[in-house]
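Sequences listed follow chains A and B, in order. Sequential numbering of the first sequence, starting at 1, is according to this note's numbering. Sequential numbering of the second sequence, starting at 1, is according to this note's numbering.
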Amino acid sequence: MPVDAEKEISRLWRGLHGAQDSTIKTFYQWRKAAIGLVPDANPSEIALKGWEAMAQDMGKLFLPRLSFSKGEEAFLKQVAGLYVNTWQGYGAVVKVEPGTSPMEVFIKWERCPWPAFAKDFNAPLKEDVAGCDLVLQITIDMVNAFMNTNFKIETQKAIPRGEGICLRRLYKP
Amino acid sequence: MGELFKWDYTDYPGYKKYPHLFKPIQIGKLTIPNRIKYAATEDNLNDKDGFITDADVSYMRERAKGVVGGIACMQGVYMDKKRHGQGYVGQAACWDDKYIPGLKRIADAIKEEGAISASQLMHCGRVGAVEVEYCQGPSPVPQRLRIFRPVEVMSKDDIKRCIDEHIEAADRLCQAGFEIIEISGIVGYLISNFISSYTNRRTDEYGGDIRGRMKMVMETIQGVKKVIGDRPLGIRLCSDELLDDVRGNTPEESMITYQMAEEAGADYMSVTAGWQEAIYPVISRDIPQGSWLFLAKRAKEHIKIPVQMAYRLFDPAIPNKAIGDGILDIWEMCRPMIADPHLPKKVLEGREDEIRPCVACNVCLARLFRDAPMTCYINPVCAHDHDPKFHITPAETMKKVMIVGAGAAGLECAWVAAERGHEVHVYDKLREVGGTLLEARKAPYGDEELYYQINFAKVKSDKAGVQFHLETEVTTDLVDEEMPDTVVLAVGPKYIKGIAPGFDRANVVGVLDVLAGKAAVGDNVVVWGNKKPGVGVALFLAKQKKKVTIVGKNKDFAIDINPSFRWRYNAYLRQNGVTVYNDCDIAEITDNGVTVMTYDGYMIPVKADTVVCTERAPNQDLKNAIKELGVEIFEIGDMVIPRNLSSAVHDGYKVGLRI
Ligand SMILES: Cc1cc2nc3c(=O)[nH]c(=O)nc-3n(C[C@H](O)[C@H](O)[C@H](O)COP(=O)(O)O)c2cc1C
Ligand code: SF4
């Protein structure tokens with residue numbers, strides 16, 4: 001039974017993309033259903049509640065993976081790496097780039113599937129930026145509370161704003 | 001010292017062999033006849049409202065018998081009505097006078113056995129509140145694991161109340177008749193939460209530097225001291241939190257806490273290591289015995305009060321030497337006496353070879369974390385001490401019993417049946433006793449200790465008069481000839497091969513042959529089976545620098561290892577570069593490798609020159625052959641359904657009682 005490696009990899013690759021798509025679609029389907037249930041509420045407020053729940057869970061996933069044993073600089077990179085892994089799981093092309101000082105890194109999203117789905121589901125793109133910002137804020141707050149650090153994360157560019165990439169600065173003030 | 005010396009150990013063989021263990025010691029105003037302490041052990045045996053049960057009293061009575069005049073400490077009690085301090089569903093409570101009669105039963109039982117009764121105050125802090133929504137702590141630092149409750153920050157009033165609750169509970173424990181009071185600051189409970197830089201970020205007087213972080217502890221010690229009269233007050237504190245990855249205390253800070261506790265009036269220090277949240281193993285079988293003694297030594301260098309310590313001190317020779325060397329004063333034990341409540345007594349009486357050995361698997365702990373009453377992997381009587389059904393009593397009718405198989409199940413059954421008066425014959429086709437464990441003990445990370453159970457059961461069998469017939473294959477004719485009243489089949493599992501093409505090739509070998517060094521194994525190996533036998537042999541081969549891949553049908557690897565130990569294996573597989581494909585099977589074996597098929601039909605080619613089969617199946621051949629003879633048959637151990645050492649021992653013990 002010789003294995004056709006190309007066939008196996010392409011099947012897996014398609015399967016992975018299908019799974020990534022359905023994760024994001026599920027969020028927007030949930031958003032639509034929730035808005036339908038509470039027609040008087042502000043749709044973006046509902047969506048942000050959803051992002052908040054996602055962020056809490058993401059933060060909980062981060063905590064067991066954090067370690068300060070190699071010092072603060074390595075820790076900052078570790079946190080950035082966790083964001084990268086999470087968004088790669090959604091199908092984004094994202095990487096960490098060094099900043100101007102050891103206690104600063106940039107996380108650069110060159111491609112991200114979330115805004116395209118927002119468009120498909122008629123969700124305002126600014127809600128997409130707000131959602132991402134909320135997730136990053138809640139998770140960094142959880143990391144800070146856990147490790148007694150004071151890291152900040154700020155959005156400098158955003159694909160949904162038409163700026164080509166998402167760029168976030170993660171740093172110690 | 002007077003009446004103490006009803007405990008005169010000098011004529012006992014254990015005294016001669018381990019003189020330091022059986023010397024008296026002074027703790028505060030109390031003289032302890034020896035250096036032995038059964039350490040506090042939560043057992044989840046108490047009532048859901050914290051009242052003491054018969055099961056817990058009997059459990060403690062047995063351990064009190066075991067310490068031959070030493071200290072027996074009951075489990076830590078929680079002290080608040082709101083149950084924030086409660087860490088276990090069956091934890092004993094002490095927040096009201098209504099608990100005193102139950103607690104008195106424990107103190108009385110301990111004293112009736114001639115031991116010194118100790119009790120413990122234990123607020124479980126950030127790992128507590130099992131029955132309520134929020135736990136309490138000095139600062140709102142989330143825990144690493146999801147199972148714990150969110151942390152509610154304690155106000156100064158809460159702290160004051162909590163200290164008062166410690167004091168009131170200590171007073172009740174004295175009224176119940178306990179002779180020693182201990183405060184537990186172990187593994188991430190409230191006391192340690194206040195002390196640690198990881199969890200205490202307060203800026204008021206209860207936080208800040210190590211002295212501020214110790215304030216709550218100091219006030220507790222001083223307050224408790226005032227109500228307990230002459231009784232000694234001990235404390236358990238971390239000597240090393242093992243929390244460097246989350247910026248916990250430094251060892252220097254920990255030593256300051258020891259000195260401060262001594263200054264505040266603590267009469268002894270029980271040295272502990274690690275938190276539940278630590279990422280390092282502390283007490284599992286992979287940690288060699290005696291590894292943590294350097295922490296006791298460090299404590300001795302910093303304080304003058306007696307230093308006690310447990311933590312993998314299973315072999316009495318280790319604490320005996322440590323006490324002789326002046327780096328330890330009292331030998332504490334928890335799990336060794338869960339596994340064998342009479343361990344120190346057997347040491348004293350020169351019956352060390354009859355000690356049922358704890359295998360440091362942590363099933364006892366794992367069950368507590370899952371709200372289940374404690375049991376022991378290796379000791380079927382544990383937590384059933386009160387239940388006559390678990391006791392060995394003489395058989396009503398003497399029988400001739402033929403046990404086929406001298407592995408863990410067969411030997412356990414043999415000694416129990418023989419002690420009950422049966423005439424027991426054990427047969428095995430091998431030259432040595434031990435069955436599967438003869439080879440399984442070769443897996444790395446402490447598995448040699450599993451074989452100690454065989455040594456124990458063999459000694460018990462010999463002493464009970466069991467007759468061994470080794471190198472003897474049992475056939476229908478032999479059974480017919482011997483005419484036993486009962487046959488117990490303990491023949492072990494069948495090791496099987498898969499049905500995929502290639503399983504009949506010469507490069508497919510069996511796990512026992514690999515461990516025995518009888519099979520040739522190449523550099524790239526696929527291990528078929530992801531339970532403990534597969535994981536064990538994979539690590540055995542990876543240690544020889546082979547590239548190993550495990551392919552197993554179970555959704556998770558090592559489902560037969562409890563979660564409180566499985567995480568270690570996960571780490572070791574990673575460290576040794578072992579690739580694991582769970583929920584997968586072998587679709588084909590060729591000369592060059594193996595095709596792995598995932599549960600959903602993907603194919604993965606894996607380079608391999610050897611395939612090691614570890615899968616097992618029930619083994620009914622002999623049963624089918626002899627059942628026509630009309631003799632009573634029992635089946636035990638892996639031949640019924642392949643499981644683990646624990647099932648073998650428990651099956652053997654229970655059938656030994658039933659024959
Ligand atoms: C099942 C179990 C329950 C325990 N309960 C307590 C407890 O109530 N209070 C405490 O201070 N330590 C408790 N411990 C810790 C032990 O007292 C002991 O320090 C630890 O198990 C290491 O010692 P060992 O290697 O002799 O088991 C418990 C340990 C186990 C395994
Ligand atoms: S369950 Fe395991 S670790 Fe606990 S006492 Fe028994 S053998 Fe030892």
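Glycine is no exception: its CB is placed at the ideal position from the N, C-alpha and C atoms. As the structure is a prediction and not an experimental result, all values here were calculated from the model.
Taking 8 Å as the CB-CB cut-off, is residue 80 of chain A touching chain B?
-> no
What does residue 141 of chain B reach in chain A if we use C-beta pairs closer than 7 Å?
-> 145 and 146
Name the two residues that bound the continuous beta strand (DSSP E) containing residue 548 of chain B.
-> 547-551
Roughly how many angstroms separate the alpha carbons of residue 496 of chain B and residue 81 of chain A, rounded to a whole number?
-> 44 Å
Own chain partners of residue 172 of chain A with C-beta closer than 8 Å, once the 5 adjacent residues on each side are dropped = 72, 76, 103, 104, 149, 150, 151 and 152
Are the beta-carbon atoms of residue 330 of chain B and residue 358 of chain B separated by less than 8 Å?
-> no
State yes or no: is the beta carbon of residue 102 of chain A nearer than 8 Å to at least one beta carbon in chain B?
-> no
Kindly confirm or deny that the region 568-581 of chain B and the region 534-554 of chain B touch, where touching means at least three C-beta pairs closer than 8 Å.
-> yes
The beta strand (DSSP E) spanning residue 540 of chain B covers which residue range?
-> Residue 540 of chain B -> not in any beta strand (DSSP E); alpha helix (DSSP H) instead, spanning 532-542.
Compute the minimum distance between the beta carbon of residue 381 of chain B and the heavy atoms of ligand 2, and state whether it is under 7 Å.
-> no
So, is the C-beta of residue 8 of chain A closer than 8 Å to a C-beta in chain B?
-> yes
Since residue 68 of chain A meets chain B, which of its residues come closer than 9 Å, beta carbon to beta carbon?
-> 244, 245, 246 and 247
Can a CB atom of chain A be found closer than 8 Å to the CB of residue 573 of chain B?
-> no
Does the beta-carbon of residue 249 of chain B have 16 or more other beta-carbons within 10 angstroms, so that it is buried, or is it exposed?
-> buried
For residue 132 of chain B, which option in B:113, B:86 and B:605 has the closest C-alpha, if you only look at C-alpha atoms?
-> B:86
Does at least one heavy atom of ligand 2 sit under 7 Å from the Cβ of residue 44 of chain B?
-> no
Residue 391 of chain B: buried (16+ other C-beta within 10 angstroms of its C-beta) or exposed?
-> exposed
Of all the options B:507, B:93 and B:82, which has the alpha carbon lying nearest to the alpha carbon of residue 45 of chain B?
-> B:93
Segments assigned beta strand (DSSP E), at least 3 residues, entirely inside the region 208-261 of chain B | 233-240
Cβ neighbour criterion (16 or more within 10 Å) applied to residue 599 of chain B | exposed
Does the count of Cβ pairs from the region 623-643 of chain B and the region 424-434 of chain B closer than 8 Å reach three?
-> no
Taking 7 Å as the line, does the beta carbon of residue 60 of chain B fall inside it for any heavy atom of ligand 1?
-> no
Taking Cβ-Cβ distances shorter than 7 Å, what residues in chain B pair up with residue 60 of chain A?
-> 146
Going by Cα to Cα distance, which pick from B:547, B:513, B:517 and B:529 is closest to residue 523 of chain B?
-> B:547
Can you check whether the CB of residue 327 of chain B is closer than 8 Å to the CB of residue 300 of chain B?
-> yes
Residues near residue 266 of chain B by beta carbon distance below 7 Å, same chain, minus five either side | 221, 233, 234, 235 and 305
Answer with yes or no whether the minimum CB distance from residue 602 of chain B to chain A is below 8 Å.
-> yes
Is it a yes or a no for the region 288-299 of chain B touching the region 307-314 of chain B, going by three-plus beta-carbon pairs under 8 Å?
-> yes
Closer than 7 Å: is that where the CB of residue 648 of chain B sits relative to any heavy atom of ligand 2?
-> no
Is there contact between the region 558-575 of chain B and the region 587-598 of chain B, where contact requires at least three CB pairs shorter than 8 Å?
-> no
Using a threshold of 7 Å, is the CB atom of residue 71 of chain B nearer than that to any non-hydrogen atom of ligand 1?
-> no
What residues from chain B crowd round residue 54 of chain A, counting only those whose CB sits closer than 7 Å?
-> The contacting residues do not exist; residue 54 of chain A stays about 15 Å from chain B at best.
Give the residues of chain B in contact with residue 11 of chain A, contact being defined as C-beta atoms less than 8 Å apart.
-> 602
Leaving out five residues before and five after residue 420 of chain B in sequence, what residues of the same chain have Cβ atoms less than 8 Å from its Cβ?
-> 392, 393, 394, 395, 656, 657 and 659
What is the DSSP secondary structure of residue 4 of chain B, reduced to helix, strand or coil?
-> In this predicted model, residue 4 of chain B has a pLDDT of only 46, less than 50, meaning its place in the structure is not dependable; the value taken from the coordinates is given anyway. Here residue 4 of chain B sits in helix by DSSP.
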